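Here's the structure we're looking at; comments come further down.
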Amino acid sequence: MAQEDKAKFTGVFRKADKNNDGEVTPGELKRMVINEFGEDISDRDLADMFCCLDRNGDNKVTLEEFLGEMMKKPRRAEFRKAFDDIDKDHSGSLSTDEVRQLVKSRGCSDADIDKMFAKVDTNDDGIISLDEFMAMV
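For the sequence shown, full-length UniProt numbering assigns the number 1 to the initial residue and increments by one for each residue that follows.
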């Protein structure tokens with residue numbers, strides 16, 4: 001497990017764990033998604049996400065469960081495939097139009113999409129590179 005990745009994901013977990021009890025509830029996870037991405041998440045998407053993280057089914061996610069899921073080796077390959085699927089023109093980066101097509105179908109406004117894009121496009125070059133995409137996920 002790469003220490004840098006472990007530290008990053010531990011920070012994400014701690015940020016989500018608002019009451020500092022060492023566990024993330026569905027409500028805390030939902031607030032974290034809203035705060036990080038500036039958009040709400042449907043109850044169904046939240047349940048799917050939470051189910052993947054809550055390995056023992058006790059309706060809370062511990063740091064160990066969270067790290068176990070986040071640090072799985074296949075994740076990079078899965079996210080690379082998702083990136084390639086979004087990259088319709090096969091340029092190796094994501095344009096605002098490609099991101100807009102993906103996110104607009106989920107009911108996000110143009111302003112929300114622009115805000116999210118700007119947050120992920122850390123070098124402000126108007127595109128999202130694979131590295132920026134991976135840092136987001």
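Note that beta-carbon positions come from the ideal geometry of N, C-alpha and C, so glycine has one too.
Here the structure is a predicted model, which means the values were calculated and not measured.
At a Cβ-Cβ threshold of 8 Å, Met70 and Phe9 count as neighbours. In the DSSP assignment, Glu39 falls outside any alpha helix (DSSP H), carrying neither H nor E. Asp54 counts as buried, since no fewer than 16 other beta carbons sit within 10 angstroms of its beta carbon. According to the DSSP assignment, Asp114 belongs to the alpha helix (DSSP H) that extends over Asp110 to Val120. Nearest Cα to Lys119 within the set Ala16, Thr96, Glu64 and Glu23: Thr96. Taken atom to atom, the span from the alpha-carbon of Ser93 to that of Ala47 is near 30 Å. Burial of Ala16 is indicated by the presence of at least 16 other C-beta atoms within 10 angstroms of its C-beta. Considering only Asn20, Ala82 and Pro26, the residue with the shortest C-alpha distance to Val137 is Ala82. As the crow flies, the alpha-carbon of Val24 is around 5 Å from that of Val61. It is roughly 15 Å from the alpha-carbon of Phe66 to the alpha-carbon of Lys18. Between the alpha carbons of Cys108 and Asp58 lies a gap of roughly 32 Å. Judged by DSSP in its simplified three-state form, Ile128 adopts strand. For Phe37, the closest of Asp131, Ile128, Leu102 and Ile113 by C-alpha to C-alpha distance is Ile113.
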